[in-house]
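Undergrad: Quick note: to get the numbering used here, add 250 to the position in the sequence shown (first position is 1).
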Amino acid sequence: MEISIYKFKEELLSEQNLESIFKQDAKNYAWVNNVNSDSLKILSGSSSVRYGLSCTILNDLSSNKYNYVNISMNARDPIQTYFILKNLDLKNVSAIYFGLDPWIYTKRYYMFRNKYLYLDFSFMQILKFSKEHDKSAFLKRYKSLIASILPHNLNVSTIENQKIPEDYSSIVLDSKAINFNGLTYNLFQIDKYGWSELQFIYLKKIAEFCNIKKSGVCCIRSSQTL
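Structure (structure tokens):
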């Protein structure tokens with residue numbers, strides 16, 4: 251199995267394969283197309299954007315000239331965000347904002363992502379990762395490999411979420427914020443697992459996609475507090 255992963259890694263992590271896994275997430279945001287606005291602005295990214303920005307307040311501050319909606323989620327990365335955007339109707343979208351939480355661009359953070367991304371680890375990386383973070387890492391890696399050769403439309407829900415959520419999906423943080431000062435090594439572990447080239451590739455794809463759709467994209471750098 252490891253030989254297959256090594257030999258076919260580029261194909262396994264191709265845009266076509268990744269889209270078959272992540273495009274279903276767009277169904278959770280079908281409601282975005284129901285927001286009546288001539289100038290829609292999309293907030294995307296992970297938890298810092300989800301909890302840190304209120305669409306209702308932003309809409310009020312703009313005197314409702316724009317309508318902000320929030321498609322961010324805990325641990326959401328550029329890969330998942332790209333396929334959500336790609337499968338939404340963006341005709342009235344004038345701008346897309348993406349929150350840059352730097353730890354999400356590390357392979358170490360794959361432990362919070364879809365386990366299909368475990369295929370991106372080298373053998374030595376997954377070996378170390380299985381000992382330090384996830385004892386079932388190899389099992390999940392091989393399950394992902396097997397899943398890649400099976401039809402991707404099995405047991406796929408066709409239900410779309412059409413109801414516009416409260417505060418356009420922004421959420422009030424109801425727990426104490428976490429400060430990451432002093433935890434950089436434990437959080438990133440670049441020396442062991444490295445940066446995720448895939449995440450940077452898809453961040454660039456978001457920018458290119460927005461350019462094609464004539465929607466501007468702006469990156470928001472996160473603070474070290476969540």
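Yeah, the Cβ is synthetic: ideal placement off N, Cα and C, and Gly gets one too.
#1: Beta-carbon within less than 8 angstroms of Asp288's beta-carbon, same chain only, minus the 5 sequence neighbours each way: which residues are those?
#2: Would you kindly check if the distance between the Cβ of Gln412 and the Cβ of Trp281 is under 8 angstroms?
#3: Entirely within the segment 327–354 and at least 3 residues each: give me those beta strand (DSSP E) ranges in chain order.
#4: Go through its chain and collect everything with a Cβ distance to Glu269's Cβ below 8 angstroms, but skip five positions before and after it.
#5: Compute the beta-carbon to beta-carbon distance between Ile354 and Ala387, rounded to the nearest angstrom, for a pair I have assumed lies under 8 angstroms.
#6: So, helix, strand or coil for Asn267, using DSSP?
#7: I'd like to know if the segment 450–460 and the segment 358–366 are in contact, where contact means that at least 3 CB-CB pairs between them fall below 8 angstroms.
#8: Helix, strand or coil for Tyr316 per DSSP?
#9: Look up Ile456 in the DSSP assignment and say whether it is helix, strand or coil.
#10: Are Tyr418 and Asn320 close, meaning C-beta to C-beta below 8 angstroms?
#11: Could you name the residues of the same chain whose beta carbon sits closer than 6 angstroms to that of Tyr392, not counting the 5 residues immediately before and after it, in chain order?
TA: Considering the structure as presented:
#1: Asn342
#2: yes
#3: 343–350
#4: Phe333, Lys336
#5: The pair is not a contact, with the Cβ atoms about 19 angstroms apart (cut-off 8 angstroms).
#6: helix
#7: no
#8: coil
#9: helix
#10: yes
#11: Met251
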